[in-house]
Amino acid sequence: MKKNGSFSLCCVIILFAFAALMAWHTVSMSSLAAKTEDARQQLEISRGREARQQSEYEKAVQDLPLAKERLEEIKPRTEQAASDTAALKARRKELRAEKKSLHEAAGSSTDQEEKADD
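The letter at position 40 of the sequence shown is residue 39 when you use numbering that gives the first Met the number 0, and the numbering goes up by one with no holes.
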């Protein structure tokens, strides 16, 4: 009978080890499935982002000739505006210099009048 009891004990130990192995395997597989699902979702998001960027790039390339054309239309006006601005700045400098000389002339004539009054 002793053999029968040790055999039963061995069977119980083997069944317990198998149950523990199956529990560990089930937990590992569910964790692996969750990680795989996360990776799949990230890949899907990345592909969607790539598709959006590609479509934006294609639209920009398609709009490029029109943008160049508009730039060529605007360029003469911007150059004219820049030259007008430079001319106005130069004129302002001239007017300030003229104002300064008039103030100096007015100041010296006032000084001369005061000397003449003395």
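We put the beta carbon where it would ideally sit given N, CA and C, even for glycine.
Just so you know, these numbers come straight off a predicted model, no measurement behind them.
Check: Simplified DSSP assignment, three categories, for residue 99; Outcome: helix
Check: C-alpha distance - residue 53 paired with residue 42, whole-angstrom precision; Outcome: 16 Å
Check: Residue 89 versus residue 106 - alpha carbon distance; Outcome: 26 Å
Check: Contiguous beta strand (DSSP E) assignments of at least 3 residues, all confined to the segment 33-85; Outcome: none
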